Amino acid sequence: MEDIEQLKKELEDKTRQAEERLDQLKYLQADFDNFRKWNAKEKEAITALANERLIHDLLVILDDFERALPLLEEEKNKEGMQMVYKKLVKILAGYGLEPIECVGKKFDPNSHEALCREHCGEETNTILEDLGKGYRLKSKVIRPSKVKIAEQVTGEKGD
Amino acid sequence: MGKEKIIGIDLGTSNSEAAVMVGGKPTIIPSAEGATVAGKMFPSYVAFTGDGQLLVGEPARRQAVTNPEGTVTAAKRKMGTHHSYKIYGKEYTPQQISSFILQKIKRDAEAFLGEKVTKAVITVPAYFNDNQRTATKDAGKIAGLDVVRLVNEPTAASMAYGLDRGGEYKILVFDLGGGTLDVTIMEFGGGTFTVLATSGDTQLGGTDMDNAIYEWIAAEFRKTEGIDLRTDKMAVNRVKEAAEKAKIELSTVMETEINLPYVSATQAGPKHLALKLTRAKLEQLIEPIIGRCLAPFESALKDAKLTKDDIQKVILVGGPTRMPVVQKFIEEHVGKKMERGIDPMECVAMGAAIQGAILGGEITDMVLLDVTPLTLGLETLGGVRTALIDRNTTIPTKKSQIFSTAADLQTSVTIHVLQGERPMAADNVSLGQFNLVGLPPAPRGVPQVEVTFDIDASGILNVSAKDLGTGKEQKMTITASTKLAESDVKKMVNDAKEYEAQDKARREEVETRNTADSLVYTAEKTKSDLADKLNADILDRLNGAITSVKAALEGKDTAQITSETEKLQKVLGEAGSAAYQEVSRRQAEQQAGPRAAPPGGDSAGDAGGPGDENVVDADFKVHDDK
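Residue numbers (the numbering used here), protein chains in the order written: chain A, 949 to 1107; chain B, 8 to 633.
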């Protein structure tokens, strides 16, 4: 009789153990499945990000064009360069790139980065100057505008 | 699923970072502002705007210059003190400021994981006292996070490198960040890390290096162009960014160019900045900064009452430790024992995530997965090693592949189990071999022997070979397949790299021979099958071609074997189409409808060509049992 009790207990133990393991296995399986889904999402994000990085790195070329063009003196050279520049802008715009508006707008740290401020008659936090053009890619800021903002002098607040 | 994830947070002085276990691996949680703008990090900035808006992280950093009175940074330095930040009439404790950053991390982590996050492990410097630790915990509480544990930053970094999995050693953690240097010496043993000594410099880091480069660029430009860029805000910003970029680039290349077209202008026209910066020059520029690392380093060793020879493991933390000159400094002063492989900017957060997963019960012994250190395979025709399980495959794992015989009427095959990275069997380690006997006699390539490699969770390899025709099976168990000294594994992997070209050539040679040999076999078979349908001319040429290939196989000239094989292939193709033409000619004669020959006659002959090639493809023949 004792033997039977013993065996019963052992069986119970083993059954519980088996259930536990099965439970663990189910969790693991679910985990794996979730991981697979997460992975697919991540892959999408990475593809998007890869473009984002490339476009972000190309922005300096746009900058250089914009600095160079106004300074080109010979009209015939300028025209050709203009065309190249416009083409580049168009291609990048096709990927969803758009410049961030700034001068005259109110400073917004979500799209602008303030480099300095100037005391003047304008309303505080108005953007006075664009010191480095910012860009959005499909509504996400990939490079904030570098700006100079106004600080109104009414004698109310110190420096 | 089921269990809630515990995230790991590296709450830093100038930047914070978070990670979480995903699919068993610590993964960095990107900030919502995204990877290109601010990296994946969260700048440790909190700001209140004049109109009462709260900004945290990257946006707060962006407006810091223009809103200094409303912006708080480096609140970590004030944790545990009675300091109070007065902002626009309101007062905030350092805990509250830190909690804003933690809240933002919590939010972004929830977006990243797609589930609620309420628990976290947060790291603190090893030298933090009770007050500072309590304050950090409180910051978590305010942010709505249950801080399940605080972990020392150097401990977290060590865990990211897996140093918590047994053994006993003294560890030096050299953490050089953007603005601070922390040197920690720890001892690991009996499952716990004990801090022996800490030292550091709270005003030393990567920013100092960037400034040194910036000053140099500005000075160079003044020398050549006579213009001081430091008065022009826009230029200053461009030069500073270029300086940091150059510093990062010079960790991987020896020389970089700093190109800033139209950086300035004079009456004479636009001025461009084009400078070459070599790694040597950079190292010269930052030498004084590196020099300042020495004192904290030595005092840590002294406080721990150790010498550099007592240190067994060195861990580097922080972006600037990627610089070769910093690594050289460490090597010179401790020796070459640096742990590598994890991004030094991410390892603290990753270690915290690992600790979180352990506390959350996500990591148990059952899921501590191991990998096969080397490739496992078997020897096939011509002494080639055919891989079944590639190195770095996570175990337990199981793989099967079907092989066949290499000779007619072969009744047994030898399964020779190999471990290693080299393509030729003889260059790998033999783990053992066995024979599967009693295969029914059949032409070569006909029997199907399924070989299965099964590695269980404890690394025991079971190899079985089963003849699918008769169901006969033979097995072997190898216990030592994953237990190799690390140095052996390294040597074998390195050997494989070193001999790669040579091995490839040898393997190709064997494959050429195998193809030739197989084609001769096919040709002879075709010849006897089609003997009555081929005319004497074709038969002659076929015999000639077969003899040539055989002769070439006697020698060692691979090019000759290839060219003779190609010739034989061509003749064989011709023989095939000739045979089919002959067959259709005879059919046409029999049917007495001389014009009824199907137009497909020729193309059927062509189809015989590729068919033959399929037979030729004898890559996976089990090594002949001699």
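The C-beta atom is built at its ideal place from N, Cα and C for all residues, glycine as well.
Given the structure is predicted, the values throughout are model-derived calculations rather than measurements.
Test item: CB-CB of residue i and residue j under 8 angstroms
| i | j | result |
| --- | --- | --- |
| B:I462 | B:T486 | no |
| B:T143 | B:I129 | yes |
| B:N244 | A:G1042 | no |
| B:Q408 | B:F441 | no |
| B:G358 | B:A163 | yes |
| B:I16 | B:L120 | no |
| B:K638 | B:L152 | Nothing can be reported for residue 638 of chain B, as the shown portion of chain B is limited to 8 through 633. |
| B:K288 | B:V321 | no |
| A:I1097 | B:T73 | yes |
| A:G1111 | A:H1067 | Residue 1111 of chain A falls outside the range modelled here, since chain A spans only 949 to 1107, and no answer is possible. |
| B:G64 | B:E40 | yes |
| B:T572 | B:A512 | no |
| B:L385 | B:V424 | yes |
| B:M86 | B:S105 | yes |
| B:I361 | B:P37 | no |
| B:V638 | B:E160 | The structure shown does not extend to residue 638 of chain B, since chain B is modelled only from 8 to 633, so the question has no answer here. |
| B:F304 | B:L383 | no |
| B:F135 | B:S165 | no |
| B:D215 | B:E251 | no |
| B:V324 | B:F195 | no |
The alpha helix (DSSP H) enclosing residue i, as first and last residue numbers
| i | result |
| --- | --- |
| B:T20 | Neither: B:T20 is in no alpha helix (DSSP H) and is coded neither H nor E. |
| A:Y975 | 950 to 1016 |
| B:Y221 | 213 to 232 |
| B:T162 | 160 to 167 |
| B:P101 | 101 to 120 |
Delimiting residues of the beta strand (DSSP E) encompassing residue i
| i | result |
| --- | --- |
| B:N469 | 468 to 474 |
| B:A81 | Where B:A81 is concerned, there is no enclosing beta strand (DSSP E), given that its DSSP letter is neither H nor E. |
| A:V1091 | Contrary to the premise, residue 1091 of chain A reads as Arg rather than Val in this sequence. Note, A:R1091: beta strand (DSSP E), 1088 to 1091. |
| A:C1068 | 1060 to 1068 |
| B:T314 | No beta strand (DSSP E) holds B:T314; DSSP gives it neither H nor E. |
| B:V131 | 126 to 131 |
| B:Y92 | 92 to 94 |
Span separating the alpha-carbon of residue i from that of residue j
| i | j | result |
| --- | --- | --- |
| B:K577 | B:D536 | 18 angstroms |
| B:G368 | B:T314 | 38 angstroms |
| A:F980 | A:L1019 | 59 angstroms |
| B:E290 | B:P331 | 9 angstroms |
| A:K1088 | B:D115 | 15 angstroms |
| B:A604 | B:S591 | In this prediction, B:A604 scores a pLDDT of 41, lower than 50, which makes its location untrustworthy; no coordinate-derived value is stated. |
| B:A146 | B:T100 | 10 angstroms |
| B:A414 | B:R593 | 35 angstroms |
| B:T533 | B:A449 | 17 angstroms |
| B:V158 | B:A356 | 10 angstroms |
| B:G612 | B:E589 | Confidence at B:G612 is low in this model, with a pLDDT of 38, below 50, so the placement of that residue is unreliable and no value is reported for it. |
| B:R229 | B:D235 | 5 angstroms |
| B:L282 | A:V1095 | 26 angstroms |
| A:L973 | A:A966 | 10 angstroms |
| B:G452 | B:Y528 | 11 angstroms |
| B:R602 | B:S555 | In this prediction, B:R602 scores a pLDDT of 49, lower than 50, which makes its location untrustworthy; no coordinate-derived value is stated. |
| B:T477 | B:K406 | 21 angstroms |
| B:A204 | B:A253 | 35 angstroms |
| B:E294 | A:D1011 | 34 angstroms |
Closer than 8 angstroms to chain E by CB, residue i
| i | result |
| --- | --- |
| B:V29 | In the structure shown, chain E does not exist; the protein chains are A and B. |
With 16 other Cβ atoms within 10 Å as the buried cut-off, status of residue i
| i | result |
| --- | --- |
| B:D316 | exposed |
| B:V420 | buried |
| A:A988 | exposed |
| B:D539 | exposed |
| A:P1092 | buried |
| B:S437 | exposed |
| A:M1031 | exposed |
| B:A272 | exposed |
| B:M8 | At B:M8 the pLDDT is 43, less than 50, meaning the model places this residue with poor confidence; the figure from the coordinates comes in the next sentence. Classification of B:M8: exposed, given that the 10 Å Cβ count is below 16. |
| A:H1108 | This structure cannot speak to residue 1108 of chain A, because chain A is shown only from 949 to 1107. |
| A:R1001 | exposed |
Proximity test, residue i beta-carbon vs the ligand MG heavy atom, cut-off 7 angstroms
| i | result |
| --- | --- |
| B:I220 | Of the ligands one can find in the structure shown there are none, so the ligand MG has no counterpart to examine. |
Three-state secondary structure (DSSP) of residue i
| i | result |
| --- | --- |
| A:V1101 | coil |
| B:G186 | coil |
| A:V1095 | strand |
| B:V647 | As displayed, chain B neither begins before 8 nor continues past 633, which places residue 647 of chain B out of reach and without an answer. |
| B:N521 | helix |
| A:K1081 | coil |
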